[in-house]
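Down below is the structure, laid out as structure tokens.
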Amino acid sequence: VTIDASEGTRAFSLDRAHVFHSWSAQGALAPWVPAGGLGTTIWDYEGKRYLDFSSQLVNTNIGHQHPAVVAAIKAQADVMTTIAPAHANIVRGEAASRILERAGGHFSKVFFTNGGADANENAIRMARLVTGRDKVLSTYRSYHGNTGAAVVATGDWRRVPNEYARGHVHFFGPFLYRSEFWATTPEQESERALHHLERVIQAEGPQSIAAILIETIPGTAGVLVPPPGYLAGVRALADAYGIVLIFDEVMCGFGRTGEWFSFVTPAATGGERVQPDLVTFAKGVNSGYVPAGGVIISDSIANAFDEEVFPGGLTYSGHPLAMAAIVGTLDAMADEGIVDNARMIGERHLGPGLRALAERHPLIGEVRGVGVFWALDLVADPVTREPVSPAIIGRLKKELMARGLLPFSADNRIHVVPPCVVTPDEVAAALAIYDEAFTAVEA
Ligand code: PLP
9 VTIDASEGTR
19 AFSLDRAHVF
29 HSWSAQGALA
39 PWVPAGGLGT
49 TIWDYEGKRY
59 LDFSSQLVNT
69 NIGHQHPAVV
79 AAIKAQADVM
89 TTIAPAHANI
99 VRGEAASRIL
109 ERAGGHFSKV
119 FFTNGGADAN
129 ENAIRMARLV
139 TGRDKVLSTY
149 RSYHGNTGAA
159 VVATGDWRRV
169 PNEYARGHVH
179 FFGPFLYRSE
189 FWATTPEQES
199 ERALHHLERV
209 IQAEGPQSIA
219 AILIETIPGT
229 AGVLVPPPGY
239 LAGVRALADA
249 YGIVLIFDEV
259 MCGFGRTGEW
269 FSFVTPAATG
279 GERVQPDLVT
289 FAKGVNSGYV
299 PAGGVIISDS
309 IANAFDEEVF
319 PGGLTYSGHP
329 LAMAAIVGTL
339 DAMADEGIVD
349 NARMIGERHL
359 GPGLRALAER
369 HPLIGEVRGV
379 GVFWALDLVA
389 DPVTREPVSP
399 AIIGRLKKEL
409 MARGLLPFSA
419 DNRIHVVPPC
429 VVTPDEVAAA
439 LAIYDEAFTA
449 VEA
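Written out as structure tokens, the structure is:
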């Protein structure tokens, strides 16, 4: 690939002049300008190469520019670039059947959306319609997307200036390292978090609660792998009180945990099969090559709309280019053992490597994760667990970029989230870079 450095300069100045960015004050932004990527590698207009350990927004599960996915999109573009959602379309049906095959269990239909937020929006709507109830319970440590109900279901700071939707109630999920329940063991944390959730359900009035919406493994909030028994306990509470259970697998689905979904990932479920009623997805389903998301719907909820009208839709629901990217992605992931690779990388390379890193660096308070989905919780003091300041995170990011690693950070954490195609050699190179960057910052 030839790189024209002047194009990088032009990309930067056009962006600064005309592009309005997400979640930011616009004035002082200085966005990085990538020129291209392949697999785990991404490069800038100076030709400097970086290991992409962010997977962008934790979505390029298959890596950059996977040739089979690019070819599938090109081939579909030659056949039909767009089609109304009311028509039947072969590639949409193929995408839905592949997703359902991977979800297994009692799921029978897929409703396609443009991304993750509107997937949650529509899942919430389905839950309200089938229960005739209103409230949605979700956790404070969560992100569910930037639309009406999804952003109010979100627990983090992004909800607060956007609270225009009604019927949302928040609770605390389990997080042993920073326990809200004074717990000291995973079992205690699980039990007490379930007790807290049940008390919230009772206090809110079970007859008013349509849905419990949780990220199976909360992602942006810190890769909070739930303790044993928690997800099964939430399922039991949903059953006991007639509440629809929605698992948001937008970030944690489609290979990131080393399984097709987090709700079948032993580290998250303790080995039990926990079936939600609705699963929302986006990101990894086609690695974001063309925007797409959706809701995987259980038989009983799908059947509820056999006679009743579902009052929802999108012009681009099941867009053929996005569907072709899904088919190309899911086939390549299966054919090339990419999900197995993510599991192997987590078990043999990233997990042990990051734990060894934590032993050498007092800044790392806890290492959490599974597959290619990890967080380093950074602390100013390992005893009090006081989070490091934003300045430390800023410094670390600079040191990592200087050494050729594109990082992902959130609050006081560095999330280690490479594509599922990452190789052992790339992990070794990345671990050496993290090691040097921590050493530089600690000095
Ligand atoms: N749900 C989760 C768990 C997410 O991580 C995200 C995005 O980061 C969303 C929903 C929103 O997805 P999108 O940005 O595609 O609307």
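Numbered according to UniProt numbering, the sequence shown spans residues 9 to 451.
Just so it is clear, CB atoms sit at the ideal spot from N, CA and C, and this is done for glycine as well.
Keep in mind that this is a model prediction, so the values were computed, not measured.
Worksheet item: First and last residue of the alpha helix (DSSP H) that includes A218?
Response: It is not in any alpha helix (DSSP H) - A218 instead sits in the beta strand (DSSP E) that spans I217 to E223.
Worksheet item: Between I217 and I209, what straight-line distance do the alpha-carbon atoms span, to the nearest angstrom?
Response: 8 Å
Discussion item. Taking the beta strand (DSSP E) that Y58 belongs to, which residues open and close that run?
Written reply: From DSSP, the beta strand (DSSP E) with Y58 extends over R57 to D60.
Discussion item. Per the DSSP calculation, V303 is bridged to which residue(s)?
Written reply: F119 and T288
Worksheet item: Hey, how far is the Cα of S270 from the Cα of G279?
Response: So the two alpha carbons sit approximately 11 Å from each other.
Worksheet item: Quick one: does the C-beta of L65 sit closer than 7 Å to a heavy atom of ligand 2?
Response: Among the ligands present in this structure, namely ligand 1, ligand 2 is not found.
Item to complete: Count the CB pairs spanning the stretch 293 to 304 and the stretch 313 to 321 that are closer than 8 Å, and state whether there are at least three.
Response: no
Discussion item. From the DSSP secondary-structure annotation, give me the bridge partner or partners of H178.
Written reply: BP columns for H178 point to S146.
Worksheet item: What first and last residue would you give for the beta strand (DSSP E) that runs through S417?
Response: F416 to A418
Discussion item. If I measure Cβ to Cβ from A388 and keep anything under 6 Å in the same chain, skipping five residues before and after, which residues do I get?
Written reply: Excluding residues within five positions, the ones whose Cβ falls inside 6 Å are E394 and V396.
Item to complete: Could you tell me which residues DSSP pairs with G377 in its beta bridges?
Response: Beta-bridge pairing links G377 to W382.
Practice prompt. Inspect the CB distances between the stretch 81 to 91 and the stretch 284 to 291 and report whether three or more fall short of 8 Å.
Written response: no
Worksheet item: Given 8 Å as the limit, is there contact between the stretch 434 to 442 and the stretch 398 to 414, that is, 3 or more CB pairs closer than that?
Response: Contact between the stretch 434 to 442 and the stretch 398 to 414 is established, with three or more Cβ pairs separated by less than 8 Å.
Fill in: Option nearest D247 by Cα separation, candidates F446, T139 and P274
Here the closest residue by C-alpha is T139.
Worksheet item: Is D433 buried or exposed, if buried means 16 or more other CB atoms sit within 10 Å of its CB?
Response: Only exposed fits D433, as fewer than 16 other CB atoms lie within 10 angstroms of its CB.
Discussion item. DSSP three-state label for G153, please.
Written reply: coil
Discussion item. Applying the 10 Å Cβ sphere with the 16-neighbour rule, what's the burial state of E109?
Written reply: An exposed status is given to E109, since fewer than 16 other beta-carbon atoms sit within 10 Å of its beta-carbon.
Fill in: Element boundaries [beta strand (DSSP E), containing T49]
T49 to D52
Discussion item. Taking 7 Å as the limit between beta carbons, can you name the residues of its chain near S62, skipping five residues before and five after?
Written reply: Excluding positions up to five away in sequence, the list reads L414, P415, F416 and V425.
Item to complete: Determine the DSSP secondary structure at A96, reduced to helix, strand or coil.
Response: coil
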